[in-house]
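Structure first, then comments.
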Amino acid sequence: RAHQVTYSQSPKIATLMKSVSTSLEKKGHVYLVGWQTLGIIAIMDGVECIHTFGADFRDVRGFLIGDHSDMFNQKAELTNQGPQFTFSQEDLLTSILPSLTEIDTVVFIFTLDDNLMEVQTIVEQVKEKTSHIQALAHSTMGQTLPIRLKKLFPSIISITWPLLFFEYEGNFIQRLGFSMLPRLFANS
Numbered sequence: 001r002a003h004q005v006t007y008s009q010s011p012k013i014a015t016l017m018k019s020v021s022t023s024l025e026k027k028g029h030v031y032l033v034g035w036q037t038l039g040i041i042a043i044m045d046g047v048e049c050i051h052t053f054g055a056d057f058r059d060v061r062g063f064l065i066g067d068h069s070d071m072f073n074q075k076a077e078l079t080n081q082g083p084q085f086t087f088s089q090e091d092l093l094t095s096i097l098p099s100l101t102e103i104d105t106v107v108f109i110f111t112l113d114d115n116l117m118e119v120q121t122i123v124e125q126v127k128e129k130t131s132h133i134q135a136l137a138h139s140t141m142g143q144t145l146p147i148r149l150k151k152l153f154p155s156i157i158s159i160t161w162p163l164l165f166f167e168y169e170g171n172f173i174q175r176l177g178f179s180m181l182p183r184l185f186a187n188s
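In UniProt numbering, the protein residues as written are 1 to 188.
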């Protein structure tokens, strides 16, 4: 099912990939900004570019928005090792946002269950620096992306998952889909 959902968005994924490749060709950067678990995936995808494609850590970076204290109880030790180990919302807003340029692309990855006011606030701040923003928004049947947020993005890859996924223990299949889709996108 995740493959079907992903490939049904092929034209929008192609638009996103064009924006990303243009940024990298012009020596810009790509920032993947994800909420909760999707933020962890964003970080992993950024890190993989270093080893897979020989990218510099500054070329493609992931950021985790939301509380991550229970995942990284030694964050200070991590960030003291250098800027390549910064990944939080604070790091994005204080280190990246001030130097963001029009040739950079920022991809926002979130679900409609996330704090959409927080998403909107960060998108508005980023949009002051670059128009190259994209969204990968997950929802379930019956959820709708608010108009005010929809208007901020030139293109949104909107993935709607069927409610039947909620019938499974712990929403495992839904979470699997949420995590697989960004991986499929990033690997294309």
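Each residue gets a CB set at the ideal place from its N, CA and C atoms; glycine is no exception.
query                                                                                                                              : result
Would you call the region 54 to 66 and the region 132 to 140 in contact, with 3 or more CB pairs under 8 Å?                        : no
Which two residues bound the contiguous beta strand (DSSP E) that contains D135?                                                   : Correcting the residue identity first, residue 135 is Ala in this sequence and not Asp. Note, A135: beta strand (DSSP E), 133 to 140.
For a quick check, are the C-beta atoms of T101 and V20 less than 8 Å apart?                                                       : no
For V107, which beta-bridge partners are listed by DSSP?                                                                           : L32, Q134
Could you check what DSSP says for G39 in three-state terms: helix, strand or coil?                                                : helix
Buried or exposed: which applies to D45, given that a residue is buried once 16 or more other Cβ atoms fall within 10 Å of its Cβ? : buried
Quick check: the region 10 to 17 against the region 90 to 99, are at least 3 beta-carbon pairs closer than 8 Å?                    : no
Below 8 Å CB to CB, which residues in the same chain sit around S23 once its five sequence neighbours on both sides are set aside? : H29, V30, I103, D104, T105, H132
From the DSSP output, in three-state form, read off T160 for me.                                                                   : strand
Cα separation between W161 and A42?                                                                                                : 20 Å
Please tell me whether V60 and I109 are closer than 8 Å, where the distance is taken between their beta carbons.                   : no
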